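Presented below is the structure to which this report refers.
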Amino acid sequence: MQKKMKAIIVLLLGTMLFFIFQNSSLKNENLTLVEQNEQLKNENVIEVETNEQAKEVANDFINGYFNYQDKPAKQDVESYATNEALGQLQFDGAEGLEEIYGDTDIEKIHSSVENLSIYEGQSLDDRVEVVALFDNRIEVNDLSSVAMTILTLEMIVEEDQWKVANFTFTQQ
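In structure tokens, the structure reads:
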């Protein structure tokens, strides 16, 4: 009986030691996983913040270029765009409007952005695609028209700032 009791006590002590070591191992593994989870959360927050910065620059670029009186001003967009993107823009007020309005003297042009929505597309560390939808209201000699505009912007990081590197747009 004494031998059985000793065997049971030794068995219980062995089992107890096994569970203590197992518990310690699981606690260490849990701490490691918690640290990894926090690190991933921080990386995700940084990515979201940088993409939000790109969307803000896209917003400023769109408002800077499409909100104007008489003609777009280069100084309103040059801090938001690379030289290549600036080369794609037109800063001459009535260019192309003669075709639409014929021989009418164009005295006054006013362009504005309405209902602007910006969506994030594919992104990498230093590059993100942004799609913007907005109504572009254009008034020529007090004659108003609205064109739904779809603008796709390729944003890159240049000199630690997000800038528009390339764009395509469609107006309907």
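Per the working numbering, residue 1 is the first one in the sequence shown, and the count goes up by one each step.
Here a beta-carbon is modelled for each residue, glycine too, at the ideal position from N, C-alpha and C.
Values in this document were obtained by computation on a predicted structure and should not be read as measured data.
Under DSSP, L143 takes part in a beta bridge, and its partners are V140.
For A81, the beta-bridge partners assigned by DSSP are V164. Under the DSSP assignment, E120 falls in the beta strand (DSSP E) whose first and last residues are I109 to L124. M16 carries a helical assignment under DSSP once its states are collapsed to helix, strand and coil.
Just so you know, the alpha carbons of E38 and K163 end up roughly 30 angstroms apart. Contact check for L116 against A132 passes: the beta carbons are separated by less than 9 angstroms. Excluding five sequence positions before and after K74, the CB atoms of its chain that fall closer than 6 angstroms to its own CB belong to F91, given in chain order. With respect to the C-alpha of S123, the residue from I106, L151 and V157 having the closest C-alpha is V157.
S111 sits away from I150, with the two beta carbons spaced by 9 angstroms or more. Around the beta carbon of K55, a 10 Å sphere encloses 16 or more other beta carbons of the protein chains shown; the residue is thus reported as buried. Taking F66 as the centre and dropping the five residues before and after it, the same chain places the C-beta of S111, V113 and N136 closer than 6 angstroms to its C-beta, in chain order. Beta-bridge partners assigned by DSSP to F169: L151. Across the structure, L26 and N83 are spaced so that their CA atoms are roughly 56 angstroms apart. A residue is called buried once 16 or more other Cβ atoms fall within 10 Å of its Cβ, and F18, having fewer, is exposed.
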